[in-house]
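Quick notes on the structure that follows.
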Ligand code: 3MF
Ligand code: MG
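Residue numbers (the numbering used here): 3 to 345.
Printed below as a string of structure tokens:
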């Protein structure tokens, strides 16, 4: 049996809309989604702040906390745990030009206030982990924002959150593009470096999403290794991506099994699960998938992870060491392929 605990967010069960066409499946309400978690093999729930408290912008702090506490009860009833909460700063008109990096001071103020409410929600749900997917913290034209000012503004927002609560930690989900042309925190090196501009770098870590690393032209397992070396890999968003195009959120391992194997292997080798971190899957069903089986991408991704875990555990490390010592990397490569193919 594995010691891995799996999580996903309610947005991973979705209606199939894309920028060129409408939804193709009925929406499933949040309570019905919660019922699916255990059946699909998952114990952790990832949240956007408004996944937990949908109308939060129209509510007082007290109302928000009351509603989030009611969601916590539902999680308890299902035996589920909230893994993190992420402020959704990319839909409101006030975040059209970014949240923390907006050129409009009133919009920046909104972004920070919304983030403090996100902390209230996280605490009510029983987690101290906040995720920053910095969706619109970037530009469409380089001249529209000063990148020095922008990076400092993100650090200032983090400081305001640390001042508000002494316990919360922030995991930054780096992504190089989409929706923006360029973002200010495109890779995990940027995310970890940003922590050093804040008042407490020990509370800034990261989330690595496989597809985001691939979009940056990087190998996701190396991004994970970099973060693990810094003890900053606090959660992951595993999925797959077929080259440099829109963010696809494909089933984990569906495009490149070897690349997926190396991600599982680096997590396993360096005790990721033993340190209490969950394995998050940020995957979407294909738009063509019929509604009656539109959650299979989640259980499939988990099953592929577990099969690759067996492969990581049965990898012949003695042979690997011998081949490395001989610098016989051709033989090592063939061994990896044969091992993945089942020989
Ligand atoms: C975008 C993403 C996001 C984040 C989510 C939580 C909608 O590419 O991956 O999914 O994962 O906002 O941080
Ligand atoms: Mg993600």
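Even for Gly, the Cβ is constructed at its ideal location relative to N, Cα and C. Keep in mind it's a predicted model, so treat the numbers as computed, not measured.
- For a cut-off of 8 Å, the C-beta gap from residue 9 to residue 85 is around 5 Å, short enough to register as a contact.
- Relative to the non-hydrogen atoms of the ligand 3MF, the Cβ of residue 81 never comes closer than 7 Å to any of them.
- Put simply, of 183, 143, 286 and 218 the residue whose alpha carbon is nearest the alpha carbon of residue 301 is 286.
- Counting only residues of its own chain and dropping the five nearest sequence neighbours on each side, residue 240 has a CB closer than 6 Å to the CB of 212, 254 and 283.
- Under the DSSP assignment, residue 235 falls in the beta strand (DSSP E) whose first and last residues are 235-240.
- Contact annotation, residue 174 with residue 163: C-beta distance approximately 12 Å; criterion of less than 8 Å not satisfied.
- Between residue 292 and the set 13, 28 and 14, the nearest pair of CA atoms involves 28.
- In the displayed model, residue 41 falls within a helix according to three-state DSSP.
- For residue 153, the uninterrupted alpha helix (DSSP H) run begins and ends at 149-166, by DSSP.
- Considered as a whole, the region 155-229 harbours 171-175 and 206-211 as its complete beta strand (DSSP E) runs of no fewer than 3 residues, in chain order.
- Apart from the 5 residues on each side of it in sequence, residue 159 sits with its Cβ closer than 6 Å to the Cβ of 102 and 114 in its chain, given in chain order.
- Look at residue 13: its beta carbon is at least 7 Å from all of the heavy atoms in the ligand MG.
- In the DSSP annotation of this structure, residue 91 is not part of any alpha helix (DSSP H), being labelled neither H nor E.
- Boundaries of the alpha helix (DSSP H) around residue 67: 63-80.
- If one requires a minimum length of 3 residues, the beta strand (DSSP E) runs lying completely within the region 112-139 are 131-135, in chain order.
- Taking non-hydrogen atoms of the ligand MG into account, the C-beta of residue 85 is found less than 7 Å away from none of them.
- Nearest Cα to residue 128 within the set 136, 232, 70 and 40: 70.
- Following the DSSP letters along the chain, one finds residue 291 in no beta strand (DSSP E), marked with neither H nor E.
- Contact holds between the region 31-51 and the region 5-19, because three or more Cβ pairs, one in each stretch, are under 8 Å apart.
- The Cβ atoms of residue 192 and residue 140 do not sit closer than 8 Å to each other.
- Burial is judged here by how many other beta carbons sit within 10 angstroms of a residue's own beta carbon; residue 100 has at least 16 and is buried.
- With respect to the 8 Å criterion, residue 273 and residue 234 are not classified as neighbours on the basis of their beta carbons.
- Residue 338 sits in a helix when the DSSP states are folded into three classes.
- Rounded to the nearest whole angstrom, the C-alpha separation of residue 319 and residue 228 is 22 Å.
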